[in-house]
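Adding 173 to a residue's 1-based position in the sequence shown gives its number in this note's numbering.
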Amino acid sequence: MSQSAPEYALAAHPRTVGNTSSSTRPVHVTSTLVIGGRDVVIAAGPCSVEGYDMLLASARHVQSAGGTLLRGGAFKPRTSPYAFQGLGEEGLLLLAAVREQTGMPIVTEVMDTRQVQRVAQIADVIQVGARNMQNFPLLAELGRAGKPVLLKRGASARISELLLAAEYVMANGNERVILCERGIRTFETITRNTLDISAIPVLKAETHLPVIVDPSHAGGRADLVLPLALAAIAAGADGLIVEVHPDPAVARSDADQQLTFAQFTDLMHSISLIATASNRTVRTPAPAPLVPNIAASASSRDIADPALTAISHDAHTHAEETLADESLAVVAA
Ligand code: PEP
Ligand code: MN
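Shown next as C-alpha cells:
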C-alpha cells in the first residue's frame with residue numbers, strides 16, 4: 174500500500190461523482206432537510222432531555238437562530254453508573270412533543286439493540302454514540318431500522334475503523350449514514366478530547382458520506398465550541414452538532430460544554446460568515462410548511478391548532494417513509 178492510499182475504502186458503496194464539486198452523496202432526513210448538500214446543517218439542543226419546558230425553549234431558540242435539527246439525549250451513556258442516565262422513554266415522548274410544537278426533526282441516541290425499534294419510531298436521525306461505534310450488533314440492527322444514522326467516531330477509533338463501522342450499517346441495508354468527528358483521546362488533558370480536523374477532509378475525500386463535527390464533546394468547554402466550530406466548517410464539514418442549554422450551570426450532564434442561548438446565537442452568526450467564505454450556506458430558520466396550503470396560513474413557527482399539528486406530523490412521517498422506501502429501493506437495486 175502506498176503511503177497516501179487510504180487504509181480502508183468503502184466496499185459496499187464506493188466513491189461516486191456527485192453533481193456538486195464534492196463527491197458527497199447527500200442524506201435526506203425529511204423532505205426538506207438534507208445533510209451533505211450545499212447547506213451547512215446545524216443540529217443543536219441540550220446534552221440530555223431534562224424536561225418539556227427546557228427542551229421546548231431550547232428548540233425554539235435553536236430554530237430562531239437557524240438550527241434545523243434538534244438534538245437531545247433520552248438514553249445517556251454515562252461513565253459512572255451513578256450519574257443521570259437520561260429520562261429514557263419519557264425523554265423520547267418529550268422529543269416527539271417538541272417536534273409537534275416546532276416542526277423540528279430530532280436526533281437522539283440509541284445505546285442498545287433492544288431500544289432500536291422504539292427509538293426508530295420517534296427519531297428522525299438515530300445517533301450512535303462514540304462508546305458504541307463498534308457495537309456491531311447495534312450497527313447491524315440500525316441497518317434495518319429505516320432511519321438515517323449519525324455515527325460518531327469512537328474516542329480511540331481510527332478513521333478506517335469508523336468507516337468499517339459505517340459499512341456495517343450500509344451492508345445491512347441502510348445507506349443513510351452521516352459520519353461525525355467528535356474528538357479523539359490523546360495525551361492532552363486540557364481539553365476533553367482533541368478535535369481531529371484532519372479527519373474532515375480525509376473522510377470527505379475518501380467517502381461519499383456527509384461529515385459533521387461535534388465541537389462540544391471535542392473540547393469539553395463552552396469557550397472552545399466557537400473556534401472549533403469555525404475550524405470545522407472551514408475544513409469542509411457538512412454540519413455541526415452542538416450542545417445548547419437554557420441554563421448550562423444546572424445541566425444534568427455536560428454542564429461545562431453547553432452553550433447559553435446567547436452564545437449559540439453568536440456561533441450561528443460567525444458560522445454563516447465562514448460558510449459563505451467556503452461557498453456554503455447556512456439554512457434559514459423557518460421550519461418547512463409540511464402541508465403547504467394549510468400550514469402556510471398558520472404561524473410558521475408555532476402551529477397551535479391541534480388538527481393542523483396532526484396533519485403536519487402525518488405528512489412529515491409520510492415524507493420520511495417515502496424517502497426510506499426510496500433508500501431501500503436503491504439498496505435493493
Ligand atoms: C452526546 O452526543 O451526548 C454524546 C454522549 O456524545 P459522544 O458519544 O460523542 O461522547
Ligand atoms: Mn453531552
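Even for Gly, the Cβ is constructed at its ideal location relative to N, Cα and C.
If you follow the alpha helix (DSSP H) that ILE279 is part of, which residue opens it and which one closes it?
Residue numbering aside, residue 279 sits at position 106 when the sequence shown is read from its first letter. Run containing ILE279: none in the alpha helix (DSSP H); it sits in the beta strand (DSSP E), 279-282.
Can you find a heavy atom of ligand 1 that lies under 7 Å from the Cβ of GLU334?
Translated into the one-based positions of the sequence shown, residue 334 becomes position 161. No.
Report whether the distance from the Cβ of GLY412 to the nearest heavy atom of ligand 3 is below 7 Å.
You won't find ligand 3 in this model; what it holds is ligand 1 and ligand 2.
So which of GLU262, SER231, MET284, GLU263 has the shortest CA-CA distance to ARG251?
Residue mapping note: residue 251 aligns to position 78 of the sequence shown, counting from 1. The residue among GLU262, SER231, MET284, GLU263 with its C-alpha nearest the C-alpha of ARG251 is MET284.
On the three-state DSSP scale, how would you describe LYS325?
In the sequence shown, counting from the first residue as 1, residue 325 sits at position 152. The three-state reading of DSSP puts LYS325 in strand, counting E and B together.
DSSP three-state label for ASP212, please.
Locating residue 212 in the sequence shown gives position 39, where the first residue counts as 1. ASP212: strand per DSSP, three-state reduction.
Only counting runs of 3 or more residues, tell me where the beta strand (DSSP E) segments fall wholly within the region 374-408, in order along the chain.
Assignment of beta strand (DSSP E) within the region 374-408, counting only whole runs of 3 or more residues, yields 384-386 in chain order.
Could you tell me whether the region 259-275 touches the region 216-234, where touching means 3 or more Cβ pairs closer than 8 Å?
These segments touch.
For GLY264, which residues in the same chain have their Cβ closer than 8 Å to its Cβ, ignoring the five residues on either side in sequence?
Here residue 264 refers to the residue found at position 91 of the sequence shown. Result list for GLY264: SER221, VAL222, GLY245, GLY246, ALA247, PHE248, THR281, in chain order.
Residue range of the unbroken alpha helix (DSSP H) whose run includes ILE299
Taking the first residue of the sequence shown as position 1, residue 299 is located at position 126. Taken as a continuous stretch (DSSP letters only), ILE299 belongs to no alpha helix (DSSP H), being part of the beta strand (DSSP E) at 298-301.
Heavy atoms of ligand 2 versus C-beta positions, residues under 5 Å:
This criterion selects CYS220, ASP427.
Select from ASP427, ALA339, ALA410 the residue whose C-alpha is nearest the C-alpha of ALA448.
As a working mapping, residue 448 is identified with position 275 in the sequence shown. Closest by alpha carbon: ALA410.
Rounded separation between SER196 and LEU311 - CA only:
On the sequence shown, position 23 is the one that residue 196 refers to. On the sequence shown, position 138 is the one that residue 311 refers to. Approximately 28 Å, taken between the alpha carbons.
Should ALA378 be labelled buried (16 or more other beta-carbon atoms within 10 Å of its own) or exposed?
Your numbering for residue 378 matches position 205 in the sequence shown. Within a 10 Å sphere around the beta-carbon of ALA378 sit fewer than 16 other beta-carbons, which makes this residue exposed.
For ALA270, the three-state DSSP class (helix, strand or coil):
Along the sequence shown, read from residue 1 onward, the residue named residue 270 stands at position 97. In the structure shown, ALA270 adopts helical secondary structure according to DSSP, grouped into three states.
In terms of alpha-carbon separation, which member of ALA344, ILE295, LEU376, VAL386 lies closest to VAL213?
Here residue 213 refers to the residue found at position 40 of the sequence shown. For VAL213, the nearest C-alpha among the options comes from VAL386.
Taking 7 Å as the cut-off, is the C-beta of PRO421 nearer than that to any heavy atom in ligand 1?
For the purposes of this step, residue 421 is taken as residue 248 along the sequence shown, with counting starting at 1. Closer than 7 Å to some heavy atom of ligand 1: that does not describe the Cβ of PRO421.
Tell me, which residues are paired with GLU262 by DSSP?
The count along the sequence shown starts at 1 and reaches residue 262 at position 89. GLU262 pairs with nothing; no bridge assigned.
How about VAL301 and LEU337: are their beta carbons less than 8 Å apart?
Locating residue 301 in the sequence shown gives position 128, counting from the first residue. Locating residue 337 in the sequence shown gives position 164, counting from the first residue. Cβ atoms of VAL301 and LEU337: not closer than 8 Å.
Where does ASN305 land, buried or exposed, given buried means 16+ other C-beta within 10 angstroms?
As a position in the sequence shown, residue 305 is number 132, starting the count at 1. By the beta-carbon neighbour count (other beta carbons within 10 angstroms, threshold 16), ASN305 is buried.
How many whole angstroms separate the CB atoms of MET441 and ALA216, which I take to be in contact at a CB cut-off of 8 Å?
In the sequence shown, the residue the question calls residue 441 occupies position 268. In the sequence shown, the residue the question calls residue 216 occupies position 43. MET441 to ALA216, Cβ: 12 Å. No contact.
On the DSSP bridge assignment, give the partners of CYS353 in chain order.
Here residue 353 refers to the residue found at position 180 of the sequence shown. CYS353 pairs with LYS325, ILE385.
Round the Cβ separation of ALA293 and LYS320 to the nearest angstrom and send it over; I've been treating them as touching at under 8 Å.
Here residue 293 is taken as the residue at index 120 of the sequence shown, counted from 1. Here residue 320 is taken as the residue at index 147 of the sequence shown, counted from 1. ALA293 to LYS320, Cβ: 5 Å. Contact.
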